[in-house]
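To convert a position in the sequence shown, counted from 1, into my numbering, add 539.
Contents: one structure, followed by commentary.
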Amino acid sequence: MNITIWQTIVLALLQGVTELFPISSLGHTVLVPGLLGWGNMATDTACGGDSCFVPLITALHLGTSIALLLYFWRDWLQVGRTLVVTAKDWKSVRKGTPEWVSWLIIVGTIPAGLLGVLLDHFLKRIFASPLLAAAFLVLNGAILFLGEAMRRSSAAKFSALPPREREKQFRHLDSLSFKEALAVGSAQALALIPGFSRSGMTIVGGLAVRLKHEDAARFSFLLGTPIILAAAALEVPKLLHLPASTLLMVLFGAVLSGIAAFVSTRFLLKYFETGRLDPFAYYCMGAGLIMLILFFTVLPGRA
């Protein structure tokens with residue numbers, strides 16, 4: 540697999556930023572190579588007869604997940620402590636406690652984990668299609684817009700309050716039930732398809748169960764970390780037979796992706812204290828439609 544320093548930088552920054560922003564990291568890492576004529580990256584079969592593109596992107600995801608582990612280290616330390624203390628008697632855990640939040644994270648990761656294993660082969664076949672990624676990006680934007688419209692409707696009776704006070708009228712993460720955590724985690728499974736955003740779908744899922752925007756975003760980032768790590772354990776070893784120079788390039792990309800993800804997480808958690816999904820919805824619908832037009836007219840050979 541041949542990858543240049545500029546390709547590495549572009550893909551790493553795309554992954555690190557768009558994994559947390561609700562605009563689909565997978566969609567962008569499929570669309571941008573197609574737009575720039577890097578289609579050979581997806582068709583290269585240097586990884587045991589299979590494409591190295593999925594393992595490469597997963598390695599960049601690994602950098603993102605490590606950044607999330609570092610950013611939320613207290614939460615993950617609590618999850619580990621909770622597993623040790625309550626694994627044999629989890630029914631004794633009470634809602635509203637840190638232990639309860641830990642179990643919400645564990646329960647919420649189950650749907651996407653199971654579907655990722657079951658649909659792995661099918662998803663790899665559609666992974667390299669920029670045309671499909673563009674279409675799903677438009678749908679992603681529509682879902683973000685719908686989720687925010689539903690929230691505005693439920694917040695209408697608080698419209699006289701300032702944004703921060705309005706947010707306080709909604710739920711904290713530790714008030715969710717296990718069924719609600721499963722529902723939000725199931726929304727995450729859509730992001731296995733390029734064009735749908737992992738963070739976007741889980742934030743919309745969180746809004747649907749009346750979480751505050753900030754708590755919905757935090758839960759989204761926490762739910763994504765184990766899924767990314769599991770995918771990395773399966774895919775990244777496929778790169779280990781590649782030349783040392785290529786592996787160094789991948790390592791550089793993973794570190795750069797992690798730095799971008801750390802900064803993005805900090806920004807978004809602050810943004811969602813008062814911010815909304817609308818700007819991201821408009822971006823996804825606009826970018827997706829522009830890409831569809833380009834691939835159908837100017838760049839049909841790259842779709």
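No residue lacks a Cβ here, since even glycine has one placed at the ideal position from N, Cα and C.
Predicted model, so just to flag it, every value in this text is computed and none were measured.
What is the DSSP secondary structure of residue 710, reduced to helix, strand or coil?
Locating residue 710 in the sequence shown gives position 171, counting from the first residue. Strand.
Notebook entry, point to check: Taking the C-alpha atoms as reference points, what is the distance between residue 756 and residue 673?
Noted result: Numbered from its first residue, the sequence shown carries residue 756 at position 217. Numbered from its first residue, the sequence shown carries residue 673 at position 134. Distance between the alpha carbons of residue 756 and residue 673: 24 angstroms.
inquiry  = Counting C-beta neighbours from all protein chains within 10 Å, is the total for residue 635 16 or more, i.e. buried, or is it exposed?
reply    = Position 96 of the sequence shown, counted from the first residue, corresponds to residue 635. So residue 635 ends up on the exposed side.
Check for me: the alpha helix (DSSP H) holding residue 729 runs from which residue to which? Numbered from 1 along the sequence shown, position 190 holds the residue referred to as residue 729. Per DSSP, residue 729 belongs to no alpha helix (DSSP H) and is neither H nor E.
Note to self: Quick check: residue 596 and residue 546, are their CB atoms within less than 8 angstroms of each other?
What the structure shows: Here residue 596 corresponds to residue number 57 of the sequence shown, with the count starting at 1. Here residue 546 corresponds to residue number 7 of the sequence shown, with the count starting at 1. Not in contact: residue 596 and residue 546 (Cβ atoms no closer than 8 angstroms).
**Prompt:** Which first and last residues belong to the alpha helix (DSSP H) in which residue 752 is found?
**Reply:** The residue given as residue 752 occupies position 213 in the sequence shown. Taken as a continuous stretch (DSSP letters only), the alpha helix (DSSP H) holding residue 752 covers 752-774.
- [ ] With residue 562 as the anchor, note down where its alpha helix (DSSP H) starts and where it stops.
- [x] To locate residue 562, count along the sequence shown from 1; it is residue 23. Note, residue 562: premise wrong, no alpha helix (DSSP H); not H, not E.
Since I believe residue 800 is in contact with residue 559 (beta carbons under 8 angstroms), could you give me their beta-carbon distance rounded to a whole number of angstroms? Residue mapping note: residue 559 aligns to position 20 of the sequence shown, counting from 1. Residue mapping note: residue 800 aligns to position 261 of the sequence shown, counting from 1. Contact flag correct, Cβ pair sits at about 6 angstroms.
task = Count the CB pairs spanning the stretch 639-653 and the stretch 747-763 that are closer than 8 angstroms, and state whether there are at least three.
result = yes
_Stretch pair the stretch 565-580 + the stretch 794-814: three plus CB contacts closer than 8 angstroms_ = no
Where residue 737 falls, given that 16 or more other Cβ within 10 Å makes a residue buried: Here residue 737 is taken as the residue at index 198 of the sequence shown, counted from 1. Buried, since its Cβ has 16 or more Cβ neighbours within 10 Å.
(Q) Just to confirm the assignment, what range does the alpha helix (DSSP H) spanning residue 809 have? (A) What you label residue 809 is simply residue 270 of the sequence shown in a count that begins at 1. From DSSP, the alpha helix (DSSP H) with residue 809 extends over 783-810.
Practice item. Can you tell me which of 701, 705, 686, 699 puts its alpha carbon nearest to the alpha carbon of residue 723? Key: Sequence index remark: in the sequence shown, residue 723 carries index 184 (1-based). Comparing Cα positions, the closest option is 686.
Contact between the stretch 605-612 and the stretch 701-716 (3+ Cβ pairs under 8 angstroms) = no
* Hey, out of 744, 717, 735, whose CA is closest to residue 726's CA? -> The residue given as residue 726 occupies position 187 in the sequence shown. Nearest C-alpha to residue 726: 744.
Open item on the list: Measuring alpha carbon to alpha carbon, tell me which residue in 828, 541, 594 is nearest residue 772.
Closed with: Numbered from its first residue, the sequence shown carries residue 772 at position 233. When only C-alpha atoms are compared, the closest one is 594.
Just to confirm my understanding: we take residue 551, look at its own chain, exclude 5 residues before and 5 after, and list those with CB closer than 6 angstroms. What are they?
As a working mapping, residue 551 is identified with position 12 in the sequence shown. The answer, listed in chain order, is 599, 792, 795, 796.
Have a look at residue 837 and residue 777 and give me their C-alpha separation to the nearest angstrom.
In the sequence shown, counting from the first residue as 1, residue 837 sits at position 298. In the sequence shown, counting from the first residue as 1, residue 777 sits at position 238. So the two alpha carbons sit approximately 35 angstroms from each other.
Worksheet item: Considering residue 694, what are the terminal residues of the alpha helix (DSSP H) in which it resides?
Response: Taking the first residue of the sequence shown as 1, we reach residue 694 at position 155. No alpha helix (DSSP H) contains residue 694, which DSSP labels as neither H nor E.
Best match in 774, 691, 669, 766 for proximity to residue 705 [C-alpha to C-alpha] | Numbered from its first residue, the sequence shown carries residue 705 at position 166. Closest by alpha carbon: 691.
Quiz prompt | Through-space distance from residue 747 to residue 689, alpha-carbon basis | solution = The residue labelled residue 689 in the question sits at position 150 within the sequence shown. The residue labelled residue 747 in the question sits at position 208 within the sequence shown. Cα to Cα, residue 689 sits roughly 8 angstroms from residue 747.
Exercise for the section: Within 10 angstroms of the Cβ of residue 751, are there 16 or more other Cβ atoms? Answer buried if so, exposed if not. Expected result: In the sequence shown, counting from the first residue as 1, residue 751 sits at position 212. Answer is buried; the Cβ neighbour count reaches 16.
*By a C-beta neighbour count over all protein chains shown, 10 Å radius and 16 as the cutoff for buried, is residue 576 buried or exposed?*
Here the question's residue 576 lines up with position 37 in the sequence shown. Flag for residue 576 reads exposed.
Problem set entry | Whether residue 868 touches residue 766 by CB criterion (8 angstroms) | Missing from the structure shown is residue 868; the chain here goes from 540 to 842 and no further.
Fill in: residue 818, enclosing alpha helix (DSSP H) - first and last residue
The residue labelled residue 818 in the question sits at position 279 within the sequence shown. From DSSP, the alpha helix (DSSP H) with residue 818 extends over 817-835.
Helix, strand or coil, according to DSSP, for residue 716 in the structure here? Start at 1 with the first residue of the sequence shown, and residue 716 comes out as number 177. Residue 716: coil per DSSP, three-state reduction.
Thinking C-beta only, is residue 834 closer than 8 angstroms to residue 678? Here residue 678 refers to the residue found at position 139 when the sequence shown is read from its first residue. Here residue 834 refers to the residue found at position 295 when the sequence shown is read from its first residue. No.
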